[in-house]
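Enquirer: For the sequence shown, the numbering used here begins at 867 and goes up steadily by one.
Positions of the beta carbon are idealized from the N, C-alpha and C atoms, including for glycine.
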Amino acid sequence: MPRYDPEITRRKILFAMGLIPASITLGSSKNSWALTSQVNISSDNSYRYIESNGIPDHNTGSFPNRGNPNHISEQKHKFRVKINPQKASKPIKLGMGPFGVAINGVPFEPFAAEFWNRDRNSGWQYEAMTGFINLGLDKNNAHVQPNGSYHYHGIPTGLIKSWSPNSHSPVLGYAADGFPIYGLLGTSNSDGSGPIKELTSSWRLKTGARPKNTSSPGGKYDGRFVEDFEFIKGLGDLDELNGKFTITPDYPEGTYAYFLTTNYPYIPRLFAGEPDPSFIRRPRKGHDSRHKRPKRGETHPPRHKKRF
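1) Taking its Cβ as the centre, do 16 or more other Cβ atoms sit within 10 Å of Lys-944, making it buried, or is it exposed?
2) Skipping 5 residues on each side, what residues in its chain have a beta carbon closer than 6 Å to that of Asn-950?
3) Considering just the uninterrupted stretch of the beta strand (DSSP E) at Glu-917, what are its terminal residues?
4) Per DSSP, what are the beta-bridge partners of Val-1092 in this structure?
5) Using DSSP with H/G/I as helix, E/B as strand and the rest coil, what is Pro-1134?
6) Sorted by chain position, which residues of the same chain lie with C-beta nearer than 6 Å to Ile-907's C-beta, five sequence neighbours on each side aside?
7) Could you spell out where the beta strand (DSSP E) holding Thr-1112 opens and where it closes?
8) Would you call the stretch 998-1012 in contact with the stretch 919-939, where contact means no fewer than 3 C-beta pairs closer than 8 Å?
9) Starting from the C-beta of Arg-1147, find all residues in its chain whose C-beta is less than 6 Å away, skip the five residues before and the five after it, and write them out in chain order.
10) When you compare each of Asp-1105, Asp-1043, Asp-910, Ile-969 to Leu-1065 by their alpha carbons, which one comes out closest?
11) Could you check where the beta strand (DSSP E) with Val-967 kicks off and where it finishes?
12) If you compare alpha carbons, which of Gly-1060, Asn-983, Val-972, Pro-1083 is closest to Leu-1025?
13) Classify Asn-1007 as helix, strand or coil using the three-state DSSP reduction.
14) In or out: Gln-952 buried (at least 16 other Cβ within 10 Å) or exposed?
15) Give the C-beta separation of Tyr-1130 and Trp-1069 to the nearest angstrom, bearing in mind that I take them to be a contact with Cβ-Cβ under 8 Å.
16) With DSSP as the reference, identify every bridge partner of Lys-942, one or two as the case may be.
17) Taking just the CA atoms, how far does Ile-1133 sit from Leu-1001?
18) Straight-line CA distance for Leu-1107 to Val-967?
19) Measure the Cβ-Cβ separation of Leu-1071 and Gly-1060 and say whether it is below 8 Å.
20) Looking at the unbroken beta strand (DSSP E) that takes in Ile-958, where does it start and where does it end?
21) My guess is that Gly-1044 and Gly-1139 are in contact by the Cβ rule of under 8 Å, so how many angstroms apart are they, rounded?
22) Is Lys-1005 a contact residue of the ligand FMN, with contact defined as CB to any heavy atom under 7 Å?
23) With 16 as the cutoff for other CB atoms within 10 Å, does Tyr-1124 come out buried or exposed?
24) Following the continuous beta strand (DSSP E) through Gly-1039, name the residue where it begins and the one where it ends.
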């Protein structure tokens, strides 16, 4: 049975980025299509426009695969974000859709459409990045929806061609509310001073066990569900939204910014500002719907039969 270990997850991501020596094997990646990445980013006085065909500009894993039966195909992504975003009076929850879009035109989508008892109203949603359900993620922490849309569930390790532990992360994309999304490296202090470091999340795995009742899967908090995690203010460098106000090379006057992290929540799941309607999708069948889901009452994902 899988066991969630935050440090192993962190080391896998850092190794894939070339920031630590190899001590594990992540498997091979390759181009799995004969298409070319196309992305156009333009702007006016109010908005930044990102249009793309959804094809990444880096190698991917092989799709279809045992955990993901879908082929990568061209999309018609058209996103719009504010040039000068403003924070809302309180955080806004992300639904089942993109949190933002990377600079290569590939969406960031942290949630998986997998729920306890196959019931999205159960209050217990399986976490995509902790390994309890095989979603066929590649080493870019990405996979493919039934409509062919490739998307990231965690740090897109192949997006940036070179990383340095001594340099601030470049902008990796933009959230739906317009604030920039950076990788895991930033300055220690919000004024841009201090050494470059890996910025850490203030979320952690809850201790103890889930409630024992008919509306709960029971068992200990082990990371298989989104609801297994809790925010502890001041535990790490980042706030509840996995962001902070900071001065960066791209924003010398300062900005609120989100950071991707090697541990939960990986990609933020709360907005500081109002998300643009261009990121809203109509309700549709879950992008992981081809997986055999847990039977009623199961707390662990079922074993998968080999399909390919």
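Expert: So, from the data block:
1) Sixteen is the threshold: since fewer than 16 other Cβ atoms of the shown chains lie within 10 Å of the Cβ of Lys-944, the residue is exposed.
2) Cβ within range, chain order: n/a, list empty.
3) 913-918
4) BP columns for Val-1092 are empty, so no partner.
5) coil
6) Ile-916
7) For Thr-1112, the enclosing beta strand (DSSP E) has its first and last residue at 1109-1112.
8) yes
9) In the same chain as Arg-1147, and ignoring 5 residues on each side of it, the C-beta atoms closer than 6 Å to its own belong to Gly-963, in chain order.
10) Asp-1105
11) 966-968
12) Val-972
13) Of the three classes helix, strand and coil, the one that applies to Asn-1007 here is coil, per DSSP.
14) exposed
15) 5 Å
16) Lys-942 is not bridged to any residue.
17) 17 Å
18) About 17 Å.
19) no
20) 953-959
21) Correct: roughly 6 Å between the Cβ atoms.
22) Inclusion of the ligand FMN in the displayed structure is not the case, the ligand content being empty and no account of it being possible.
23) buried
24) 1037-1041
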